[in-house]
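This report refers to the structure that appears directly beneath it.
Take a look at the structure:
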């Protein structure tokens, strides 16, 4: 991927230390110091032009967000997008957002174990050739790193328009015995999911009626506990509804028998 950047782009990025991070190493294990609070940290790996991460930061001000990409031009565009979105709220610079220029290959050098709570993978490069499988961001070699960096509430949220990458990812998660939920083969089949924030690619695909695939992998111990509790509550509710439905059927049957005897 080649991007033609504007003249002076590096100077522009260096002039925004409150938003743009050009070297993650000094912040490893200290990202809460960068944000000045102990709020959860969500990361988007491969943020593109930054629409998703910028809107997420505005929608959820009590969560810290970090968008990661390796191209100066994309970091520049994302910084403009983020500032524009926050200026609508009367804020000059997003207080809970960092834009990190880095190569995801070295993610273990950016964050400390347990420092992250959620990882978003949105429309990652599918690397369709089999010989490039190890480059896919849902390959086990990457997922193993994610698991190390996620805390007890850790989750991975994955979206793609590539059926082959989605199938690969499901198998990758399954092979690692990860619990998955919310598997969708056509995310916006019944209309746009307004509870979710869309990326630039997602909006284009939606307009064309293309399928969007999505899955959540539950990683941390606390996240797993809450997931199991939710499943148990759902099962109990469904059982209660089944009993009510059976009682109603019995009442109707008794009523019809009484009418027949009269």
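Numbering (full-length UniProt numbering), first residue to last: 1 to 262.
Glycine included, every Cβ here is placed at the ideal spot set by N, Cα and C.
As the structure is a prediction and not an experimental result, all values here were calculated from the model.
| Check | Outcome |
| --- | --- |
| Residue 155 and residue 63 closer than 7 Å at C-beta | no |
| Assumed close pair residue 188, residue 203 - CB separation to whole angstroms, cut-off 8 Å | Going by Cβ atoms, the distance from residue 188 to residue 203 rounds to 10 Å, so no, they are not a contact pair. |
| Residue from 33, 163, 174 and 32 with nearest C-alpha to residue 302 | Given that the chain is displayed from residue 1 to residue 262, the structure contains no residue 302 and the question cannot be resolved. |
| At least three beta-carbon pairs within less than 8 Å, the segment 92 to 106 to the segment 51 to 69 | yes |
| Nearest candidate by alpha-carbon position, reference residue 217, set 30, 167 and 180 | 180 |
| Span of the alpha helix (DSSP H), counted from its first residue to its last, around residue 204 | 200 to 207 |
| Runs of alpha helix (DSSP H) wholly within the segment 92 to 172 (minimum 4 residues, chain order) | 140 to 149 |
| Environment of residue 8 [buried if 16+ CB atoms lie within 10 Å] | exposed |
| CA-to-CA distance, residue 167 to residue 12, given in whole angstroms | 40 Å |
| In DSSP terms, what residue 184 is bridged to | 214 |
| Contact between the segment 118 to 127 and the segment 39 to 55 (3+ Cβ pairs under 8 Å) | yes |
| Cβ shell of residue 293 (< 6 Å), same chain only, five flanking positions each side left out | Missing from the structure shown is residue 293; the chain here goes from 1 to 262 and no further. |
| Three-state secondary structure (DSSP) of residue 8 | coil |
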